[in-house]
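Chains as they are written, first to last, in my numbering: chain A, 143 to 259; chain B, 159 to 265.
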């Protein structure tokens, strides 16, 4: 069955880089796009970026200068890297599979990231 | 970016009632709209895509409608398990953007 699972450190120091991995199963990264979405606790959802089936990427312009998304298709993994983390980046980070034009049909369980020294 | 204005922000209704949640887009999104349900501590779950297509496995008491800039999610015969926050999302124009959410409670 389709599954996505985020992993990575829950605590990042201010100004440091966040590195998250989304490991997928039940589908191929060359057949489905994968998005990253984040959600500050108790708040709304913010789209961060997408890696398309061909390997190209698009990013939220508000994060573009700090954000990088890549993948390893042989390992069924998608990677998120975001530098210069600040307290405003405290959130739960989700990866999700694209469905029918960029609705999101399967989501990971999320990983909560705190920024603190 | 397309702005999605969702209303109401919170809603309290009785079991068995019908509720409606609205989303207004800042421009025409040509039915490229999804609705999600998020229960406390859980990930969002897709309910409706393309404005009115019910995702597999979602109970038929959920339905979506709308066109242009105005869309709505209807929940018939409200059940206790429907307590959640609901979000709309447009994907007609990048970046995809979400409404601010509607928190649904049982009266």
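For every residue, glycine included, the Cβ atom is placed at its ideal position computed from N, Cα and C. Since this is a predicted model, take the numbers as computed values, not measurements.
Cut-off 6 angstroms between Cβ atoms - residues of its own chain near residue i, not counting five sequence neighbours on either side
{"i": "residue 170 of chain B", "result": "263 and 265"}
{"i": "residue 251 of chain B", "result": "160"}
{"i": "residue 258 of chain B", "result": "164"}
Contact set between residue i and chain A, taken where Cβ atoms lie within less than 7 angstroms
{"i": "residue 213 of chain B", "result": "247"}
{"i": "residue 186 of chain B", "result": "Near residue 186 of chain B there are no residues of chain A at all, since even the closest Cβ is about 15 angstroms away, more than 7 angstroms."}
Residue burial classification, residue i (beta-carbon count within 10 angstroms, cutoff 16)
{"i": "residue 202 of chain A", "result": "buried"}
{"i": "residue 240 of chain A", "result": "buried"}
{"i": "residue 153 of chain A", "result": "exposed"}
{"i": "residue 220 of chain A", "result": "buried"}
{"i": "residue 166 of chain B", "result": "exposed"}
{"i": "residue 190 of chain A", "result": "buried"}
{"i": "residue 243 of chain B", "result": "buried"}
{"i": "residue 253 of chain B", "result": "buried"}
{"i": "residue 244 of chain A", "result": "buried"}
Beta-carbon proximity list for residue i, same chain, < 8 angstroms, skipping 5 on both sides
{"i": "residue 255 of chain B", "result": "159, 160, 161, 162, 247 and 248"}
{"i": "residue 173 of chain B", "result": "236, 237, 238 and 264"}
{"i": "residue 223 of chain B", "result": "209, 210, 229, 230 and 232"}
{"i": "residue 200 of chain A", "result": "191, 192 and 194"}
Contacts that residue i makes with chain B (C-beta to C-beta distance below 9 angstroms)
{"i": "residue 230 of chain A", "result": "Under the 9 angstroms cutoff, chain B gives no residues; its nearest Cβ is about 17 angstroms from residue 230 of chain A."}
{"i": "residue 251 of chain A", "result": "200 and 201"}
Amino acids of chain B, ordered along the chain, whose beta-carbon sits closer than 7 angstroms to that of residue i
{"i": "residue 236 of chain A", "result": "201"}
{"i": "residue 244 of chain A", "result": "249 and 254"}
{"i": "residue 219 of chain A", "result": "Residues of chain B passing the Cβ test: none, with the nearest at roughly 19 angstroms."}
Partner residues on chain A for residue i, Cβ-Cβ distance less than 9 angstroms
{"i": "residue 245 of chain B", "result": "186 and 187"}
Those residues which DSSP pairs with residue i across a bridge
{"i": "residue 225 of chain B", "result": "B:228"}
{"i": "residue 238 of chain A", "result": "A:177 and A:249"}
{"i": "residue 214 of chain A", "result": "A:219"}
{"i": "residue 163 of chain A", "result": "A:149 and A:221"}
Own chain residues within Cβ distance below 7 angstroms of residue i, not counting five before or after
{"i": "residue 158 of chain A", "result": "227"}
{"i": "residue 189 of chain B", "result": "208, 209 and 225"}
Q. If you measure beta-carbon to beta-carbon, which residues of the segment 163 to 195 of chain A are closer than 7 angstroms to chain B?
A. 186, 187 and 189
Q.
Please identify, using Cβ separations under 7 angstroms, the residues of the segment 168 to 181 of chain B that lie next to chain A, in order along the chain.
A. none
**Q.** Contact residues within the segment 192 to 213 of chain B, judged by C-beta distance below 7 angstroms to chain A
**A.** 192, 201, 202, 204, 207, 208 and 213
Q: Using a Cβ-Cβ cut-off of less than 8 angstroms, give me the residues of the segment 228 to 259 of chain B that come near chain A, in sequence order.
A: 245, 247, 249, 252, 253, 254, 255, 256, 257, 258 and 259
Q) What residues in the segment 199 to 217 of chain A bring their beta carbon closer than 9 angstroms to a beta carbon of chain B? A) 200, 201, 202, 203 and 204
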